[in-house]
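Notes follow once the structure below has been shown.
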Amino acid sequence: MPILTAVKKRLSGDTAVVYECRNCGTVLEANEWTCSCCGSIEIAEYESGEYDAP
Ligand SMILES: [Zn+2]
Numbered sequence: 030m031p032i033l034t035a036v037k038k039r040l041s042g043d044t045a046v047v048y049e050c051r052n053c054g055t056v057l058e059a060n061e062w063t064c065s066c067c068g069s070i071e072i073a074e075y076e077s078g079e080y081d082a083p
């Protein structure tokens, strides 16, 4: 893999975290602590790398 691609891949997602409402599944921004859709405070935190599709 070219080094630039590796760097881009790292910057674009490997270390990012996804926040998702446990109640309705809405994906939230990192600075949102309540769901903007349903108002739930049950927010799940995932490493986005786990969800990278080929
Ligand atoms: Zn919600």
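Residue 45 in my numbering sits at position 16 of the sequence shown, and the numbers go up by one each step. Think of the CB as a built atom: it goes at the ideal place given N, C-alpha and C, for glycine as much as any other residue.
Tell me whether Asn60, by its Cβ, gets closer than 7 Å to a heavy atom of ligand 1.
no
Which same chain residues, not among the five before or five after Arg51, have their C-beta less than 6 Å away from its C-beta?
Around Arg51: Glu71, Ala73.
Does the distance from the CB of Ala59 to the CB of Tyr48 come in under 8 Å?
-> yes
task = Quick one: give me the first and last residue of the beta strand (DSSP E) that Glu74 is part of.
result = 72-76
Ser69 CB to nearest heavy atom of ligand 1 below 7 Å: yes
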